[in-house]
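Remarks on the structure that follows.
Number of protein chains: 2
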Amino acid sequence: MKQIIQANKDRYIQELQDFLRIPSISAMGEHQDDVRAAAEWLANALEGIGMENVEIVETKRHPIVYADWLHAEGQPTVLVYGHYDVQPADPVELWDTPAFEPVIRNHKLYARGATDDKGQLFLHIKALETLMEQYGKLPVNVKFCVEGEEEIASPNLPPFIEEHKEKLAADAVLISDTSFIEEGQPAICTSLRGALAMELSVETANSDLHSGVYGGGVPNAVHSLVKLLDSFHDDQGKIAVEGFYEGVPEPTEALKEEVASIPFRKEKTKKDLALEEYFGEEGFTFQERTGIRPTLEINGVTGGFQGEGIKTIVPSKASAKISCRLVGEQNPQKIFEDINRHIEAYKPVGARLSLQQSVTANPVTLDSSNTMIQKAADAYEKVYGVRPLYPKEGGSIPIVEVFSRVLQSPVVLMGFGLPSENLHAPNEHFHLDNYLNGMETVGEYLLSLNKES
Amino acid sequence: MKQIIQANKDRYIQELQDFLRIPSISAMGEHQDDVRAAAEWLANALEGIGMENVEIVETKRHPIVYADWLHAEGQPTVLVYGHYDVQPADPVELWDTPAFEPVIRNHKLYARGATDDKGQLFLHIKALETLMEQYGKLPVNVKFCVEGEEEIASPNLPPFIEEHKEKLAADAVLISDTSFIEEGQPAICTSLRGALAMELSVETANSDLHSGVYGGGVPNAVHSLVKLLDSFHDDQGKIAVEGFYEGVPEPTEALKEEVASIPFRKEKTKKDLALEEYFGEEGFTFQERTGIRPTLEINGVTGGFQGEGIKTIVPSKASAKISCRLVGEQNPQKIFEDINRHIEAYKPVGARLSLQQSVTANPVTLDSSNTMIQKAADAYEKVYGVRPLYPKEGGSIPIVEVFSRVLQSPVVLMGFGLPSENLHAPNEHFHLDNYLNGMETVGEYLLSLNKES
Numbered sequence: 001m002k003q004i005i006q007a008n009k010d011r012y013i014q015e016l017q018d019f020l021r022i023p024s025i026s027a028m029g030e031h032q033d034d035v036r037a038a039a040e041w042l043a044n045a046l047e048g049i050g051m052e053n054v055e056i057v058e059t060k061r062h063p064i065v066y067a068d069w070l071h072a073e074g075q076p077t078v079l080v081y082g083h084y085d086v087q088p089a090d091p092v093e094l095w096d097t098p099a100f101e102p103v104i105r106n107h108k109l110y111a112r113g114a115t116d117d118k119g120q121l122f123l124h125i126k127a128l129e130t131l132m133e134q135y136g137k138l139p140v141n142v143k144f145c146v147e148g149e150e151e152i153a154s155p156n157l158p159p160f161i162e163e164h165k166e167k168l169a170a171d172a173v174l175i176s177d178t179s180f181i182e183e184g185q186p187a188i189c190t191s192l193r194g195a196l197a198m199e200l201s202v203e204t205a206n207s208d209l210h211s212g213v214y215g216g217g218v219p220n221a222v223h224s225l226v227k228l229l230d231s232f233h234d235d236q237g238k239i240a241v242e243g244f245y246e247g248v249p250e251p252t253e254a255l256k257e258e259v260a261s262i263p264f265r266k267e268k269t270k271k272d273l274a275l276e277e278y279f280g281e282e283g284f285t286f287q288e289r290t291g292i293r294p295t296l297e298i299n300g301v302t303g304g305f306q307g308e309g310i311k312t313i314v315p316s317k318a319s320a321k322i323s324c325r326l327v328g329e330q331n332p333q334k335i336f337e338d339i340n341r342h343i344e345a346y347k348p349v350g351a352r353l354s355l356q357q358s359v360t361a362n363p364v365t366l367d368s369s370n371t372m373i374q375k376a377a378d379a380y381e382k383v384y385g386v387r388p389l390y391p392k393e394g395g396s397i398p399i400v401e402v403f404s405r406v407l408q409s410p411v412v413l414m415g416f417g418l419p420s421e422n423l424h425a426p427n428e429h430f431h432l433d434n435y436l437n438g439m440e441t442v443g444e445y446l447l448s449l450n451k452e453s
Numbered sequence: 001m002k003q004i005i006q007a008n009k010d011r012y013i014q015e016l017q018d019f020l021r022i023p024s025i026s027a028m029g030e031h032q033d034d035v036r037a038a039a040e041w042l043a044n045a046l047e048g049i050g051m052e053n054v055e056i057v058e059t060k061r062h063p064i065v066y067a068d069w070l071h072a073e074g075q076p077t078v079l080v081y082g083h084y085d086v087q088p089a090d091p092v093e094l095w096d097t098p099a100f101e102p103v104i105r106n107h108k109l110y111a112r113g114a115t116d117d118k119g120q121l122f123l124h125i126k127a128l129e130t131l132m133e134q135y136g137k138l139p140v141n142v143k144f145c146v147e148g149e150e151e152i153a154s155p156n157l158p159p160f161i162e163e164h165k166e167k168l169a170a171d172a173v174l175i176s177d178t179s180f181i182e183e184g185q186p187a188i189c190t191s192l193r194g195a196l197a198m199e200l201s202v203e204t205a206n207s208d209l210h211s212g213v214y215g216g217g218v219p220n221a222v223h224s225l226v227k228l229l230d231s232f233h234d235d236q237g238k239i240a241v242e243g244f245y246e247g248v249p250e251p252t253e254a255l256k257e258e259v260a261s262i263p264f265r266k267e268k269t270k271k272d273l274a275l276e277e278y279f280g281e282e283g284f285t286f287q288e289r290t291g292i293r294p295t296l297e298i299n300g301v302t303g304g305f306q307g308e309g310i311k312t313i314v315p316s317k318a319s320a321k322i323s324c325r326l327v328g329e330q331n332p333q334k335i336f337e338d339i340n341r342h343i344e345a346y347k348p349v350g351a352r353l354s355l356q357q358s359v360t361a362n363p364v365t366l367d368s369s370n371t372m373i374q375k376a377a378d379a380y381e382k383v384y385g386v387r388p389l390y391p392k393e394g395g396s397i398p399i400v401e402v403f404s405r406v407l408q409s410p411v412v413l414m415g416f417g418l419p420s421e422n423l424h425a426p427n428e429h430f431h432l433d434n435y436l437n438g439m440e441t442v443g444e445y446l447l448s449l450n451k452e453s
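Heads up: the protein sequence lines correspond to chains D and W, in order. Residue 1 is where the first sequence starts when you use the UniProt record's numbering, and the numbers rise one by one after that. Residue 1 is where the second sequence starts when you use the UniProt record's numbering, and the numbers rise one by one after that.
And the structure:
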């Protein structure tokens, strides 16, 4: 593997740069054609390395790219998932070089999507190309299922998976869309929190009112909203919504030790972020609070006059964005109903309430002792000389739970990013060492899955 | 009076239209020259009717216009206050005709400033002109002190009054910048609440953080802010800031009766404003809550992500605009300190707080039995056939308390507006009947103050 990757690395990097030049921003209507162009580019790349049955599958918005190579009779099948869409580049003025003009500085490739997820996706294609060149075939059966809507919460992929579960059936789902703990320390994420996003709106009158004339005598929409928002937590940082913690497992000592084993530079982070203090649910560490405990965060709030100076009004409308991270057996739909009951119970006098639900994702836990994950760990060790850790991620990749549940396959989150690579932020980049070593790791992994190996 | 006003009314209305054409918006830097043009126009108008010592007095921002006529030896002196600046016209698209192109529809004059306060100010000048024409002189001594900064909270007038209290000395301060109870029912306001405006800002980190990575483990600026904002009131609508109610008088039965005597269409207002319920301090009526009780209102709140869709962040900054209405002996500076102590006592973990003070005004109560007010009531009765009521206004005109305290003179709030005239809103207008009857009322009032009358 290594020699072929070394011999071809310039071309492998140039091809990724071509992929990164396509501004496939799924959230922005004006980039609709670019998203499609990225799907077509990807389909061509898959065909180019010998993948078969390459399809661009239409959805209500951005297409899914499917491909397979199923000639490894009697061997396991691996389904590779990734996404070819990217986040918007805003704020563009904070980029040192334009987001869609990839450049290499200090052996890092700078561009929107470099690490999330075009670079991490494309290294799989180049790994297969390398295997093909070395062996004339692949050691296992491989399927690709790549979406263009990950950054807009994958609205069309779950039904596609449900409808095509036989076509997508695999012995493992392989995903590179996560990060190392830090440089030199690989990680296979084995837990992702679920998610529930909502918007809570309050209305108290049909227009803002003069505070001199009505102030003190009519309900104030901002007062009503802050009362509700403040009721979601108690003073110990616990979520005060009845029923919220149902299905949240009490962490075992073993799990606590596993969580504590993941390095975390507490004082440095505190200083870097200018935090006065850490704060969260009483009785848990920072790593537990952010990795294996559920949360309810207000992501934003808006209401009444917000300009310069003063406007003495009683606001009639106010709203807040709220999102929960869920763990264990928590179900987003049930939590939504719990929160709905909570706001009705705490409804301030004269407030008309509305709670709109948007993203939902079930939490998922993966068993690190599964063979498919242990072989991935072996591959990392072979290439990097270090065994990966198994962190519990606080974030959510909703589709992981869907693959796990619908296909009944182990999901292997074999990430090659670094936490410092500015994903979703200006100056996103990807370390080229990890791009090339990632190819080798994926290649070694697939080779190790071959039953005759 | 009446005949001369009738004979000249077309010209009196045309001149007011000229005044209204000047977009003297004090809050907007680009209208600086227009504000000055309005001051000059006003100075000319005062000179034109025979006022003397007309001065345009420079301040740090917009000038004060002074003028006097002091030839009524042995007679009382009346100081007329008003303002020649106006509110911005936003939202301009909601005006039926342009804000600075005055038009008459249904005997109402539509323009920004028509009722607040150019129309109500200019009727004094036309009243004096009428008296001059009828008698060749004025029945009392008259001074004018007109500012161009009322709509930006009069930053430069209080020091001017302090420095020139002999020059401005008067037996009564006459102000027309308030409203009737409703058409046909005049009012002399005898109480104005004080005011204190503030901005409360919370910061918890140097940037917004990813809620998947940090959520649940670091302070959230919006959580911190809503906790503080929610702590300002208890569930009975009382303000929970220690010391806040010091100096607030317990209303006497007589005062309660006086307040209750002011008509208020409770059910109609509820329907018009689409209120579900009235709400306020327990134990008080709507009229008491909005007229003679102090308040603390959140005028606006902002923090974190407020766009379309979802952004799963832990916000690092949030802020709120807050304003209080004060009564009795409440002192804005002391209340500010009380609130500062309150937020320090309730300071959420990890929150950096800042409380900035802006507008302050002391509350003021005027004695309705004062001769200067009773003679004004007689003048209303003579012209309108109805005695005025004496409402307690919930709003604040900060300068009233300054005139009252510094000049030690009774202030007579002889308003000619109607509550329905859209002040500070699109389609502001002024009833021409009240413009012309207002001149006659002012004329009759000044005649009644002459000791030989």
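Ideal Cβ placement from N, Cα and C applies to all residues, glycine included.
Among the residues facing chain W, D230 (chain D) is included, as its CB has a counterpart in that chain under 7 angstroms away.
Chain-order list of chain W residues neighbouring R325 (chain D): S211, G212, G215, G216 and T312, by C-beta distance under 9 angstroms.
Between L128 (chain D) and V142 (chain D), the beta carbon gap of about 6 angstroms places them in contact (Cβ cut-off 8 angstroms).
Put simply, of W:M28, W:T130, W:D90 and W:P426 the residue whose alpha carbon is nearest the alpha carbon of R11 (chain W) is W:T130. Put simply, the backbone Cα of E253 (chain W) is about 25 angstroms away from that of M372 (chain W).
Within the segment 152 to 199 of chain D, the beta strand (DSSP E) runs of at least 3 residues that lie entirely inside it are, in chain order, 172 to 175. Straight across, the Cα-Cα distance linking G247 (chain D) with Q134 (chain D) is about 49 angstroms.
R325 (chain D) sits buried, since 16 or more C-beta atoms from the chains shown fall within 10 Å of its C-beta. Residue pairing of G304 (chain D) in beta bridges, as defined by DSSP: W:G300. In the DSSP assignment, N370 (chain W) falls outside any alpha helix (DSSP H), carrying neither H nor E. Residue range P332 to A345 is occupied by the alpha helix (DSSP H) that includes N340 (chain D).
Within chain D, not a single residue places a beta-carbon under 9 angstroms from that of L79 (chain W); the smallest gap is close to 24 angstroms.
When the alpha-carbon of R112 (chain W) is set against those of W:K321, W:W95, W:E444 and W:N331, the nearest one is in W:W95. The beta carbon of H210 (chain W) sits closer than 8 angstroms to those of T312, I313 and V314, all from its chain and outside the five residues before and after it, given in chain order.
Assignment of Q287 (chain D) by DSSP, reduced to helix, strand and coil, places it in the helix class. Per the coordinates, the alpha-carbon of P263 (chain W) lies some 23 angstroms from the alpha-carbon of S207 (chain D).
DSSP lists W:I188 as the bridge partner or partners of M414 (chain W). Under the DSSP assignment, S211 (chain D) falls outside any beta strand (DSSP E), being part of the alpha helix (DSSP H) whose first and last residues are S211 to Y214. Within the segment 274 to 288 of chain D, the residues whose Cβ lies closer than 7 angstroms to some Cβ of chain W are A274, L275, E276, E277, Y278, F279, G280, E281 and F286, listed in chain order. By the Cβ-count criterion, S369 (chain W) is exposed, with fewer than 16 other Cβ atoms from all chains shown falling within 10 Å of its own Cβ.
Its Cα nearest to that of E163 (chain W), the residue W:V57 stands out among W:G184, W:P219 and W:V57. For D68 (chain W), the enclosing beta strand (DSSP E) starts and ends at I64 to W69. Closest in C-alpha terms to R293 (chain W), from the list D:L255, D:E337 and D:G216, comes D:G216.
Taking C-alpha positions only, Q287 (chain D) is separated from T204 (chain W) by approximately 19 angstroms. Put simply, the backbone Cα of V301 (chain D) is about 18 angstroms away from that of L353 (chain W).
G394 (chain D) is positioned such that its CB atom lies closer than 7 angstroms to that of R193 (chain D). Here DSSP, grouped into helix, strand and coil, assigns L228 (chain W) to helix. Counting only the Cα atoms, F284 (chain W) lies some 44 angstroms from K2 (chain W). DSSP places S396 (chain W) in the coil class of the three-state scheme, outside both helix and strand.
For the pair G212 (chain W) and T290 (chain D), the Cα-to-Cα distance works out to about 7 angstroms. Beta-bridge analysis with DSSP links F430 (chain W) to W:L109. The beta-carbon of Q134 (chain D) is placed no less than 7 angstroms from the nearest beta-carbon of chain W. Close to chain D, meaning a Cβ-Cβ distance shorter than 7 angstroms, is no residue of the segment 418 to 433 of chain W at all. It is roughly 57 angstroms from the alpha-carbon of G184 (chain D) to the alpha-carbon of I239 (chain W).
With a threshold of 16 other beta carbon atoms within 10 Å, T360 (chain W) meets it and is buried. K118 (chain D) sits in a helix when the DSSP states are folded into three classes.
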